[in-house]
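The structure under discussion appears below in the form of structure tokens.
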Amino acid sequence: MARSDPLAEYNSKRDFEKTPEPSGKRAPSANGNRFIVQKHDATRLHWDLRLEIDGVLKSWAVTKGPSPDPDIKRLAVRTEDHPMSYADFEGTIPKGEYGGGTVMLWDCGTWEPIAGKSAKDLENGHLHFCLSGERMKGEWLLIRLKKKPGEKRENWLLRKLQDEYAEPGDGLVERELTSVLTGRSMAEIASDKQGEYALAGKKDDAFLAQMEKASAHNSRKRKSKASAPLPKFRKPQLATLVDEVPTGNGWMHEIKFDGYRALVAARGGEVRVYTRNGKDWTDKFAPLAQAVAALHLPSCLIDGEIVALDSDGNPDFSTLQKVLKRGKGAQGATDALQLHAFDLLELGGQDLTDLPNIERKERLEALFKNAADPVFVADHVIGSGEALYKAMCDAGQEGIIAKKVDTPYRSRRSKSWVKVKCIRRQEFVIVGWKASTAKNRPFASLLMAQHEGGELVYKGNVGTGFTADDLDELAGKLKRLERKTPPVEIDKASARGVTWVTPKLVAEIAFAEFTAGGNIRHGSYLGLRDDKPAAKVKPEQPSPTSRDDAVNISSRERVIFPDSGQTKGELADYYEAVAPIMLPFAASRPISLVRCPQGRARKCFFQKHDNGGLGDAVRSVPIREKDGGREDYIFIDDARGLLQCVQMGTIEFHGWASRSGDVEAPDRMVFDLDPDEGLGFDDVKTAARDIRDRLADLGIVSFAMLSGGKGVHVVVPLSPGHSWDAHKDFAKRFAEALSLAEPERFTATMSKAKRKGKIFIDWLRNQRGSTAVLPYSARARSGAPVAVPVAWNELRKLEDAKLFSIDDATKLIRRAGSKSLAGWGMAEQRLPDL
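Reading the sequence shown from the start, the letters are residues 1 to 834 in UniProt numbering.
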């Protein structure tokens, strides 16, 4: 019988008259164990991992690239098999064709399963293998995730295992930005620039003909880019002030430079430098404009910050002002000014703003590869924002900017760009001054204001930070703006002895905080801001990080755990923090809530039906009841839904054993081990491990979870495909079989009279409509304990089922990403016959 063609899908998706990709023919390599990774800028930037198996390349699209950190798991989406000839492909797939975009050969080498394993393990949903590549080395693991109802794609997880090649963070994809074949960057591949390696390594006539053709094409492209006009100014993207550093590998972090924001348009020797409001300040920044012109860049629009360094070598706003006052021809001005570019908005007439942040930054780095002092590309780190923030604050710097790695550029203020400041710095409008008794000082302090609600509001006085030059400059400017009436409402005491001025001057002020009355405390003058009009000066209020859809939690100080003191606000903060690790188990699943509006010690009640009063993110699904009627049951999809439930007094979340998309298809079985009062936790742990072993004898993988009460839940993930009757029947018969085998230890009967000295294996949670507490749910019990997943080897050492509380969110998040809990609660397995 003929074997099906594994490359049929590959060939059917491509028109080889239009794409330079090779057609699909099965042909194993000499050794049969090649692997490659191709960096692919298609709809979204990703890395394609391909392993040679049976004469083809088995392929996975790794969304954020492989990480050498064992604590970081990467989503890897299975794609169609590719031919072995694809292992040498590098180039550009035309726009409009399948996978259209730039492809780089990012890594290559050989692979092999670890001893005792084989490529056939893929069929069972896992592969433990070793790589010997130029970049990826050592042990790696692929694990298939369980499909959700209606999900078509096959999702896997790729992670590095701990060995001598493991390292923390995402340094691998951050530092390796060129092809292992030609040494080119993505930008160079996109523009068809050929590396010397490619020509030296492939001398055959066909290849040289291809190079000649590409060279001609490249020449036309260069001409096209050179002929593109000088880009026009566009409004920059602005960052939102937040009160803490965002965490995770979805953020890239840069230094917040203490200078002037600038948009630089360049085209060969023609350069224009614009302020953030579109003022042409090319003359003011002439030395930098000349430095950019010397690079002879193609038509491009660059976003960045212009700074001047103080005597300690740090960016300093006051020093920048002094340089500007000296004028463009002043001695030393060229050395003092620097441009730190951090974004690329246009290149060769192409708008790049819809590309992901990290791809724009990479193209910027390729564009500026020959740049030198005073033109720089701003460095960034992915993740590790707290470490950068601490380093900047320790060095006396302003703070950091954090940007979401995968977002486009938008000309407005956004929470995809946020700023975290070490000290408070804001802009204020000068509305008056008070006289000084000192002979060499024209004023003692300046009165400040900001626009709020359409009018100027007084914000207090600033009397420090002025140099002699500042005093002279300000005295002249203030004299010309004097007026008789105050431009702000102010009490008589504060207005005494004030000379008022028309509110046109904008000053940047550093200060410790605002007082209870809203005034500046310990303010220090930094300089005037000529790049921002006074009418746009408003207060900057820190926003909670990453809360685009923030839920207002009222009565945050209400104590809901009276014995341990935790409040409603602390419970909400816990659920917001753990939402990313809880939602994979809680989202899109009918749930019942334990609501305790007055706290856990008062009246609590279950709610499973939607009454319409919980919030717009708390959704409902109609479910058939036993009497044939239908009722709307609650489910949630996101953190906002979690928090809206908490706002309405929810402490606990219990879930069905099926998803809201198909409530008749159970996908999880739970055996709740409930010990009699006379038994200790050691008895429960031993029972849980024994149940694990009995399930393993049936070919079933199970997981352990501390209930947050007295017991342990043994959790069995299952692939949908069986009925509720079969689900319930298996759970019941399994529990009864254990109780018959060891009647002195177990009972499958709820009766307390028959539970004396035994552990009740509660199988009843596996009936249609029954629920079990969800992983990471808080419990309405003394001390605010939490239901927590644990590894089987970890369970042996634990002394209690309620070791963690809502105070341990940070610890729980860290644990969830650990090697021991990788893949917890995930397995593709069918319900066996019993």
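Ideal Cβ positions, reconstructed from N, Cα and C, are used throughout, including at glycine.
Near the ligand ATP: residue i beta-carbon under 6 Å from a heavy atom
i: Cys-108; result: The ligand ATP is not part of this structure, which contains no ligands at all.
Same chain, Cβ closer than 7 Å to residue i, five either side skipped, listed in chain order
i: Ser-12; result: none
i: His-789; result: Reading off the sequence, residue 789 comes out as Pro, not His. Answer for Pro-789: Phe-703, Met-705, Pro-775, Leu-821, Trp-824 and Gly-825, listed in chain order.
i: Lys-279; result: Asp-531
i: Glu-799; result: Phe-681
i: Lys-608; result: Ser-592, Tyr-633 and Ile-634
i: Ser-411; result: Arg-234, Lys-235, Pro-236 and Gln-237
i: Lys-203; result: Annotation note: pLDDT 35 at Lys-203 (below 50); position unreliable, coordinate value reported separately. Counting only Cβ-Cβ distances below 7 Å, and skipping sequence neighbours, we find nothing.
i: residue 838; result: This structure does not reach residue 838, given that the chain is present from 1 up to 834, and the question cannot be answered.
i: Gly-678; result: Gly-757
Coil, strand or helix - residue i by DSSP
i: Gln-237; result: coil
i: His-727; result: helix
i: Val-716; result: strand
i: Gly-259; result: coil
i: Asp-676; result: coil
i: Ala-30; result: coil
i: Pro-832; result: coil
i: Met-648; result: coil
i: Cys-596; result: coil
i: Thr-275; result: strand
i: Met-705; result: strand
i: Val-537; result: coil
i: Gly-613; result: coil
i: Phe-734; result: helix
i: Tyr-525; result: strand
i: Ser-118; result: coil
i: Ser-739; result: helix
i: Asp-632; result: strand
i: Val-684; result: helix
i: Ser-494; result: helix
i: Glu-359; result: helix
i: Ser-85; result: helix
i: Arg-581; result: In the sequence under discussion, the amino acid at residue 581 is Ile, which differs from the Arg named in the question. Correct three-state label for Ile-581: helix.
i: Met-392; result: helix
i: Thr-79; result: strand
i: Gln-290; result: helix
6 Å CB neighbourhood of residue i in its chain, flanking five on each side removed
i: Arg-267; result: Leu-230 and Ser-299
i: Val-773; result: His-654 and Ala-787
i: residue 836; result: The requested residue 836 is not part of the displayed model; the chain covers only 1 to 834.
i: Ala-61; result: His-46, Asp-48, Val-77 and Thr-79
i: Leu-446; result: Ile-430, Trp-433 and Val-462
i: Met-698; result: The identity of residue 698 in the sequence shown is Leu, whereas the question assumes Met. Around Leu-698: Pro-832.
i: Val-670; result: His-713, Val-715, Arg-765 and Ala-772
i: Lys-403; result: Met-252, Asn-357 and Trp-417
Which residues DSSP lists as bridging residue i, in chain order
i: Trp-47; result: Lys-39 and Val-62
i: Met-252; result: Ile-382 and Lys-403
i: Glu-305; result: Arg-261 and His-340
i: Met-104; result: Lys-39
i: Trp-111; result: Leu-131
i: Phe-746; result: Ile-759
i: Gly-432; result: Leu-447 and Trp-500
i: Leu-300; result: Note on residue identity: the sequence assigns Cys, not Leu, to residue 300. Cys-300 pairs with Ala-266 and Leu-347.
i: Val-418; result: Thr-240 and Ala-402
i: Gly-91; result: Val-103
Same chain only: Cβ atoms within 8 Å of residue i, ignoring 5 sequence neighbours per side
i: Gly-783; result: Phe-561, Asp-563, Ser-564, Lys-802 and Ser-805
i: Asn-155; result: Leu-75, Ala-76, Val-77, Arg-78, Arg-144, Leu-145 and Lys-147
i: Thr-240; result: Arg-413, Ser-414, Lys-415, Trp-417, Val-418, Lys-419 and Ser-543
i: Gly-599; result: Arg-558, Val-559, Ile-560, Phe-561 and Pro-562
i: Arg-483; result: Trp-500, Val-501 and Thr-502
- Inter-stretch contact (C-beta, 8 Å, three-pair minimum) for the region 100-110 and the region 41-59: yes
- Enumerate, from N- to C-terminal direction, the unbroken beta strand (DSSP E) stretches of 3 or more residues contained entirely within the region 754-814. The region 754-814 contains these whole beta strand (DSSP E) runs: 759-762 and 788-790.
- Query: Which ranges would you report for the beta strand (DSSP E) in the region 448-488 if only whole runs of at least 3 residues count?
  - Reply: If we require 3 residues or more, the beta strand (DSSP E) runs fully inside the region 448-488 come out as 455-462.
- Message: If contact is defined by three or more beta carbon pairs under 8 Å, each pair taking one atom from either stretch, is the region 65-73 in contact with the region 167-179?
- Response: yes
- Message: As an exercise, report each continuous alpha helix (DSSP H) stretch of at least 4 residues that is fully enclosed by the region 121-197, in chain order.
- Response: 171-175 and 186-190
- Task: State whether the region 78-93 contacts the region 12-23, with contact taken as three or more CB pairs (one from each stretch) at a distance under 8 Å.
- Result: Yes, they touch.
- Query: Can you find at least 3 beta carbon pairs, one from the region 29-44 and one from the region 386-399, that sit closer than 8 Å?
  - Reply: Under the Cβ criterion (8 Å, minimum of three pairs), the region 29-44 does not count as touching the region 386-399.
- Does the region 308-320 come within contact of the region 285-295, defined as at least 3 CB pairs closer than 8 Å? Verdict: no, contact absent.
- Counting pairs of beta carbons, one from the region 515-531 and one from the region 448-462, are three or more of them closer than 8 Å? yes
- Is there contact between the region 681-694 and the region 636-653, where contact requires at least three CB pairs shorter than 8 Å? Verdict: no, contact absent.
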